[in-house]
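Participant: In this note's numbering, each number is its position in the sequence shown, counted from 1, plus 14.
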Amino acid sequence: MRKLLCCVPMMMLLLAGCGPAGVSEAEELALAIRGEYLEMASGTAQLTVTADYGRRVYRYEMTALWEGEETELTLTAPETVAGVVARSDGEDSQLEYSGVAVETGPLDSEGLTPVSAVPALLEAARSGYMRSCGLQEDGALRVDLGDPEGSPGTGREMALWFDPATHALLRGEIRVDGFRAILCEFSSFTWNG
15 MRKLLCCVPM MMLLLAGCGP AGVSEAEELA LAIRGEYLEM ASGTAQLTVT ADYGRRVYRY
75 EMTALWEGEE TELTLTAPET VAGVVARSDG EDSQLEYSGV AVETGPLDSE GLTPVSAVPA
135 LLEAARSGYM RSCGLQEDGA LRVDLGDPEG SPGTGREMAL WFDPATHALL RGEIRVDGFR
195 AILCEFSSFT WNG
């Protein structure tokens, strides 16, 4: 009986070391942010998108408005395309200006375009497979996402940077086979739960 009583405190000490204590501060923060983004119903953002097609690189400034799976992007710069509106409903995306629709062309075999980048980043924040996360020297939380069965540097991978205090998305990067195809830099990001 005495041996059993001695084992109980030892078991309690061992069990106290299991569970949440094994999760890093960055992982806890990433999971908290994921929960908030899962509840996000709508939002707005100001951002710069750089799309790299290999031989052509395009840089746009735009405002984004999303509700559910519908996203509307309004280009504000460069001046030659200011006023062009891009719409995405989760399946199709198109550019419109005065009723004329224009296709930008895909960046990968899954149909990634500059128009679909913001919805893709939001979906990754909600449900992407987290490969790693950590707090950066500048204080931002970086979360790397990819295919759980894929090898790093192959297929579509994403990196998201969040403000650790407000949980706003600061930056998002989409890589295709190790090559950065899309970079989104957010100057403002707000949402409704």
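Positions of the beta carbon are idealized from the N, C-alpha and C atoms, including for glycine.
Could you tell me whether the region 53 to 63 touches the region 192 to 202, using the rule of 3 or more Cβ pairs below 8 Å?
Facilitator: Yes: at least three Cβ pairs fall under 8 Å.
Participant: Indicate the three-state DSSP secondary structure (helix, strand or coil) for E53 in the structure shown.
Facilitator: Helix, per DSSP.
Participant: Do the region 186 to 196 and the region 39 to 51 touch if we need at least three Cβ pairs shorter than 8 Å?
Facilitator: No contact exists between the region 186 to 196 and the region 39 to 51.
Participant: According to DSSP, is E83 part of a helix, a strand, or is it coil?
Facilitator: E83: coil per DSSP, three-state reduction.
Participant: Under the rule that 16 or more other beta-carbon atoms within 10 Å means buried, what is S56, buried or exposed?
Facilitator: With fewer than 16 other Cβ atoms within 10 Å, it is exposed.
Participant: Distance check for T168 and D161, CA to CA, integer angstroms please.
Facilitator: For D161 and T168, the distance between alpha carbons rounds to 9 Å.
Participant: Kindly give me the distance between the Cβ atoms of L174 and V157, rounded to whole angstroms, as I take these residues to be in contact under 8 Å.
Facilitator: Their Cβ separation, rounded to whole angstroms, is 5 Å, which keeps L174 and V157 in contact under 8 Å.
Participant: Whole angstroms are fine: how far does the CA of S130 sit from the CA of I47?
Facilitator: Using only the alpha carbons, I get a separation of about 22 Å.
Participant: Could you tell me which of I196, P166, G153, E137 sits nearest to S146, measuring between CA atoms?
Facilitator: Nearest of I196, P166, G153, E137 to S146, Cα basis: P166.
Participant: From A154 to E93, what does the alpha carbon distance come to, in whole angstroms?
Facilitator: C-alpha separation (whole angstroms): 32 Å.
Participant: Which same chain residues end up closer than 8 Å to L126 when comparing Cβ atoms and leaving out the 5 residues on each side of it in sequence?
Facilitator: Excluding positions up to five away in sequence, the list reads P120, A134, R170, I188, V190, A195, I196.
Participant: Nearest to G82 by alpha carbon, out of G192, E137, E163?
Facilitator: The option with the nearest alpha carbon to G82 is E137.
Participant: Just to confirm before moving on: does the CB-CB distance between E84 and R101 stay below 9 Å?
Facilitator: Yes.
Participant: In terms of alpha-carbon separation, which member of G97, M76, G192, T90 lies closest to G68?
Facilitator: Selected option, being the one with the closest Cα: G192.
Participant: Taking DSSP's pairing of strands, which residues face G142 in a bridge?
Facilitator: DSSP, once it has assigned bridges, lists no residue as partnering G142.
Participant: Could you tell me which uninterrupted beta strand (DSSP E) segments, each at least 3 residues in length, are contained entirely in the region 120 to 190, listed from first to last along the chain?
Facilitator: As far as the region 120 to 190 is concerned, its whole beta strand (DSSP E) runs of at least 3 residues are 144 to 149, 155 to 159, 170 to 176, 183 to 190.
Participant: How would you write the range of the beta strand (DSSP E) that T94 sits in, first residue to last?
Facilitator: T94 -> no beta strand (DSSP E), and no H or E assigned at all.
Participant: Where do the ends of the beta strand (DSSP E) carrying S38 lie?
Facilitator: Per DSSP, S38 belongs to no beta strand (DSSP E) and is neither H nor E.
Participant: Looking at C-alpha atoms only, which residue of G142, E124, L79 is the closest neighbour of N206?
Facilitator: Comparing Cα positions, the closest option is L79.
Participant: Let's test the definition: count the other Cβ atoms within 10 Å of the Cβ of L87 and tell me whether it reaches 16, buried, or not, exposed.
Facilitator: Answer is buried; the Cβ neighbour count reaches 16.
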